[in-house]
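**Q**
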Amino acid sequence: MLKTFSRGGVHPPENKLSAVQTIEQLALPKMVTIPISQHIGAPSTPIVKKNDLVKVGQIIAKSSGFVSANIHSSVSGKVIKIDSVMDSSGYKKQSIIIQVDGDEWEESINRDPQLIKEINLSSEEIIKKVGDAGIVGLGGATFPSQVKLSVPKGMTAEILIINGVECEPYLTADHRLMLEKGDELMVGTKILMKALNVSKAVIGIENNKRDAIEHLTSLSSNYEGITIQALKVQYPQGGEKQLIKAVINREVPSGGLPIAVGAVVHNVGTAYAVYEAIQKNKPLFERIVTVTGKSVKNPANYLARVGTSLTELIEASGGLPEDTGKVISGGPMMGKALNTIDIPMTKGTSGVLIIPVGESRRGVVQDCIRCAKCVSVCPMGLEPYLLMTVSEQQNYERTESERAMDCIECGSCSYTCPSNRPLLDYIRLGKAEVGAIIRSRKA
Amino acid sequence: MSEIVIYTIVTVSAIGILAAIILYFAAKKFHVVEDPRIDDIEEALPSANCGGCGYPGCRNFAEACVKAENLADLFCPVGGNDVMKDVAGILGQEAIEKAAQVAVIRCSGSFEYRPRTNNYDGAVNCTVAANLYSGDTGCQYGCLGLGECVDACTFDAMYMDEKTGLPVVIQDQCTACGDCVRACPKDIIELRNQGKKDRRIFVSCINEDKGGVAKKNCSVACIGCTKCEKVCNYDAIKIENFLAYIDFTKCVLCRKCIAVCPTDAIHETNFPLRRIKSPVEKKTVVKEKAVVTDNPDLVNIAKKKQESNDNEAESKDKE
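Protein chains in written order, with our numbering: chain E, 1 to 443; chain C, 1001 to 1319.
Below you can see the structure in the form of structure tokens.
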């Protein structure tokens, strides 16, 4: 019996259409649009001006707080303008627009593909360099990684968990990364272990990626302290708290961080980015993106530069199909429906999913029949039907006391509701309101 | 048998008398002196409990009125000046008159003017939609059309116009309590002075995009062209972030700005229809007058007089 988390969860059709497609380098775009807010936390401060010439890997926006991240140019060329441009949030945000000219990299970046195993930096140096390289959680949450690596005083990390679960249907970016960059990923994990000063690391992978499990298991004999853990396929296992429960059977307390139970979780993509930053001096300016969908001609995994328009990614996969009903940035469960495809990909874009018309519409909303399916699938043990009702009634005190802030927005409730009720939509609304109330209380 | 009845009556009466005595002394001991004016003021208030005054309910407002030194910062928008006069009378203070206000919708992006670029099928709630994205048109500022303001209105003063997809305020019902203003996640609704004869002029747009972008997404958007700012003689119009705003305290309702607005983003309400002046009409008038005398000098004077009359009438019209 394979391990998994204990409470709730669903198993949507996997549809990993692009699992066998090797990572392709996407052709350089003519222009990139790099938003200054690609991470959770304060937007970065641009440090380039119009008409400045930039190189690949050059810092163009500086972190503006503790929870913030540097942003580097993903191309070489000229800054045309700094303007507000629509991004995946559905709103216009400040972005740096760069006209591409050639592909000239910063000299400090080591472009030699040779694997470097020795780690020469100390823990503090690693954390600082991760921050300098603008690395954020690449699983989708885009939380600045150096913050996660800085263990608060009075707490100790015991174990590092590397998240190779990729529980979202359709997405295969992490799967391909584990297959093709296994060694780099292992060294990246070692670096993270050194930064956290832990001797144990577990890479959790769902059992639908047998090839990745076998490949990494065979590599793990060369890397002391790293073990591979196969997990039962169950959504949302990629959630931090669910993964900790599945791997080490500890439960993160309500409102607490994983470090409270001695665990730190990083995505495989992040571990790879850390390897590149520490060993190759390469900041985070490109990532692997899955372009997929049932009607897409060539579902594929691209290594693409941050700021590339989604239009170009979709073009490379055979163009937007005629029967497109919805385009989603990310996976089908937690991803975000886009109102235009003319938006840039960011550090957090793990996939572009195209859903045909027939599947894209929500069903007709009916009354709640009190079947409690949402309660049984909620991985956080909440009562989604109740949270929806109280936040619809704007009873935010109750929303808070019913622990709305514990919701991880996995969407299992909305997915499973037979009455098609917009559960998560209202819970999100409640969370936003309660969050504002909590902040005003602290202020 | 009768003994039991008597015992019961005696016991119950004894308990009753004892309780009455305790309650009497308790009431004396814990008596709270409350200003009787609070009750009087509450009586005078409209009892809508809408929260438009900034207090949770009418009683809280009444308490605040009694506590306050003067009524400068306190105003019941539902009752208006009449009720505030009563309140001031009860307190023996001067009432401070405030201009009556009304809610206006600062978006005219109907289906016709603002093409839909995508279909929203999530929860029918403006705030939910606004948390998700900027809306189903290219304009990220405009009305989402899901009617949260209409739901928030306690006075049935709003409805959704299905043809345009925009909310409409029924002025006679609107009390300017501000519930819709607070409900709108896009801050489109504004309380403005009702104005003389209910005439108002306002920019019905809050789009802060540059002109070209705004115009592309909505044909009636304010493009920040500054024409209205230049034509206004009363310094009532300010342009900020490519968006004009008319200060209703300075506006004299001359309507010059409406005439020059290239996108019809400035709206007027309750003005009489403009008389259409055709140049042909003027000519005939002049001719008729000119016929009165044959003296060429007099004819010229009559002409001039007529012209200046026309001009005066015109400028009066504009004002």
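Note that beta-carbon positions come from the ideal geometry of N, C-alpha and C, so glycine has one too.
On a Cα-Cα basis, can you pick out the residue from E:Ser-221, E:Ala-133, E:Phe-66 and E:Ala-260 that is closest to E:Gly-154?
**A** E:Ala-260
**Q** Give the secondary structure of E:Gly-358 by DSSP, where H, G and I count as helix, E and B as strand, and everything else as coil.
**A** helix
**Q** My assumption, with CB atoms under 8 Å, is that E:Leu-257 sits in contact with E:Ala-246. Please give the rounded CB distance.
**A** With 8 Å as the limit, E:Leu-257 and E:Ala-246 do not qualify as a contact, their Cβ atoms being about 18 Å apart.
**Q** List the residues of chain C whose Cβ lies closer than 7 Å to the Cβ of E:Gly-90, in chain order.
**A** Leu-1132, Tyr-1133 and Ser-1134
**Q** Using a Cβ-Cβ distance under 8 Å, would E:Pro-422 count as near chain C?
**A** It does; some Cβ of chain C falls within 8 Å.
**Q** Starting from the Cα of E:Leu-17, find the closest Cα among E:Leu-284, E:Ser-221, E:Leu-424 and E:Ala-173 and give me that residue.
**A** E:Ala-173
**Q** Check distances from the C-beta atoms of the stretch 411 to 435 of chain E to those of chain C and list, in chain order, the residues that come in under 8 Å.
**A** Pro-422, Asp-425, Tyr-426, Arg-428, Leu-429 and Ala-432
**Q** Let me know the secondary structure DSSP gives C:Asn-1295 once reduced to three states.
**A** Model confidence at C:Asn-1295 stands at a pLDDT of 47, short of 50, so the residue's coordinates are unreliable; what they give is reported in the following sentence. Coil, per DSSP.
**Q** Roughly how many angstroms lie between the CA atoms of E:Ser-218 and E:Thr-227, to the nearest whole one?
**A** 10 Å
**Q** Report yes or no: is there a C-beta of chain E within less than 8 Å of the C-beta of C:Ala-1221?
**A** no
**Q** Could you pull the DSSP bridge partners for E:Gln-99 from this structure?
**A** Looking at the DSSP output, E:Gln-99 shares a beta bridge with E:Met-31 and E:Lys-78.
**Q** Taking the beta carbon of E:Ser-199 as the centre, do at least 16 other beta carbons fall within 10 Å, making it buried, or is it exposed?
**A** exposed
**Q** Give the range of the alpha helix (DSSP H) segment to which E:Thr-311 is assigned.
**A** 310 to 316
**Q** So E:Tyr-302 is in the beta strand (DSSP E); what residue range does that whole segment cover?
**A** 300 to 305
**Q** Give me the DSSP bridge partner(s) of E:His-266.
**A** E:Ile-162
**Q** Assign E:Leu-429 to one of two classes, buried (16 or more other C-beta atoms within 10 Å of its C-beta) or exposed (fewer than that).
**A** Counting Cβ neighbours within 10 Å, E:Leu-429 comes out buried, since at least 16 surround it.
**Q** Mind checking which residues open and close the alpha helix (DSSP H) that includes C:Phe-1202?
**A** No alpha helix (DSSP H) contains C:Phe-1202, which is instead part of the beta strand (DSSP E) from 1200 to 1203.
**Q** With distances taken between CB atoms, is the gap from E:Ser-360 to E:Lys-336 smaller than 8 Å?
**A** no
**Q** Specify, as a first and last residue, the run of the alpha helix (DSSP H) that E:Arg-441 falls within.
**A** 423 to 442
**Q** Looking only at its chain, what residues have a beta carbon closer than 6 Å to the beta carbon of C:Tyr-1133, apart from the 5 residues adjacent to it on each side?
**A** Excluding residues within five positions, none has a Cβ falling inside 6 Å.
**Q** Name the residue from E:Ala-273, E:Gly-57 and E:Phe-5 whose alpha carbon lies nearest to the alpha carbon of E:Ser-74.
**A** E:Gly-57
**Q** Does the Cβ-Cβ distance between E:Asn-15 and E:Tyr-235 come in under 8 Å?
**A** no
**Q** Of all the CB atoms in chain C, is at least one closer than 8 Å to the CB of E:Thr-311?
**A** With respect to chain C, the C-beta atom of E:Thr-311 has no partner C-beta closer than 8 Å.
**Q** What is the DSSP secondary structure of E:Val-187, counted as helix, strand or coil?
**A** helix
**Q** In angstroms, rounded to a whole number, what distance separates the CA positions of E:Lys-431 and E:Glu-392?
**A** Cα to Cα, the separation comes out at about 12 Å.
**Q** By Cβ distance, which residues of its chain are closer than 7 Å to E:Leu-386, with the 5 residues on each side in sequence left out?
**A** Glu-402
**Q** Sorted by chain position, which residues of the same chain lie with C-beta nearer than 7 Å to C:Cys-1180's C-beta, five sequence neighbours on each side aside?
**A** Ala-1103, Cys-1149, Ala-1152, Cys-1153, Met-1158 and Ile-1189
**Q** From which residue to which residue does the alpha helix (DSSP H) around E:Pro-384 run?
**A** 384 to 392
**Q** Decide if E:Gln-229 is buried, meaning its Cβ has at least 16 other Cβ atoms within 10 Å, or exposed.
**A** buried
**Q** Give the interface partners of C:Ala-1123 over in chain E, defined as CB-CB distance under 7 Å, in chain order.
**A** Pro-422, Asp-425 and Tyr-426
**Q** Relative to the C-alpha of C:Asn-1270, which candidate in C:Thr-1164, C:Glu-1240 and C:Lys-1197 has its C-alpha closest?
**A** Cα-wise, what sits closest to C:Asn-1270 is C:Lys-1197.
**Q** Is there a Cβ from chain E that is less than 8 Å from the Cβ of C:Val-1150?
**A** no
**Q** According to DSSP, C:Glu-1240 sits in a beta bridge with which residue or residues?
**A** C:Leu-1243
**Q** Give the secondary structure of E:Met-193 by DSSP, where H, G and I count as helix, E and B as strand, and everything else as coil.
**A** helix
**Q** In three-state terms, what does DSSP make of E:Met-405?
**A** helix
**Q** Report the option in E:Gln-279, E:Thr-340, E:Leu-303 and E:Met-1 whose CA atom is closest to the CA atom of E:Ala-133.
**A** Checking every option, the nearest Cα to that of E:Ala-133 belongs to E:Gln-279.
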